[in-house]
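Numbering (the working numbering), first residue to last: -15 to 79.
Every residue gets a Cβ at the ideal spot worked out from N, C-alpha and C, and that includes glycine.
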Ligand code: H2B
């Protein structure tokens, strides 16, 4: 499947230029989001869970009080693919 092709460094850089607040950390793309409090962070986590179900693609999610960190990679491909970029676009649309 084409979307499961690992993107090249140049392709990842190009994708990130169009994707505010995400950065690359090795085989992941990463974004941290801060909210006013824990409850707002949890509402966001549940919206992200809906995106995950819709995309059949699942983030690594980390929470510390009002902060949520998302890390995306495609395990099936062993790196960053178009699926991760699409997921990040959908997450940004929530914010
Ligand atoms: N999520 C993530 N982040 N990476 C994957 O490789 C992955 C996934 N694979 N969710 C999906 C599920 C795969 O197992 C199914 C069959 O699409």
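For residue i, three-class secondary structure by DSSP
{"i": "residue 13", "result": "strand"}
{"i": "residue 1", "result": "helix"}
{"i": "residue 58", "result": "strand"}
{"i": "residue 18", "result": "strand"}
Identified DSSP bridge partners for residue i
{"i": "residue 8", "result": "13"}
{"i": "residue 46", "result": "53"}
Pick from the options that is closest to residue i, judged by C-alpha positions
{"i": "residue 75", "options": "3, 23, 60, 51", "result": "3"}
{"i": "residue 78", "options": "0, 49, 29, 58", "result": "29"}
{"i": "residue 41", "options": "48, 58, 5", "result": "58"}
{"i": "residue 10", "options": "55, 27, 16, 60", "result": "55"}
{"i": "residue 72", "options": "-8, -6, 1, -11", "result": "1"}
{"i": "residue 18", "options": "60, 69, 52", "result": "52"}
{"i": "residue 61", "options": "-2, 12, -1, -3", "result": "12"}
{"i": "residue 23", "options": "6, -6, 48", "result": "48"}
Residue i: CB within 7 Å of a non-hydrogen atom of the ligand H2B
{"i": "residue 53", "result": "no"}
{"i": "residue 11", "result": "no"}
{"i": "residue -7", "result": "no"}
{"i": "residue 60", "result": "yes"}
{"i": "residue 40", "result": "yes"}
{"i": "residue 26", "result": "no"}
Any chain B beta carbon closer than 8 Å to residue i
{"i": "residue 42", "result": "Given the protein chain composition of this structure (a single chain), no chain B is represented."}
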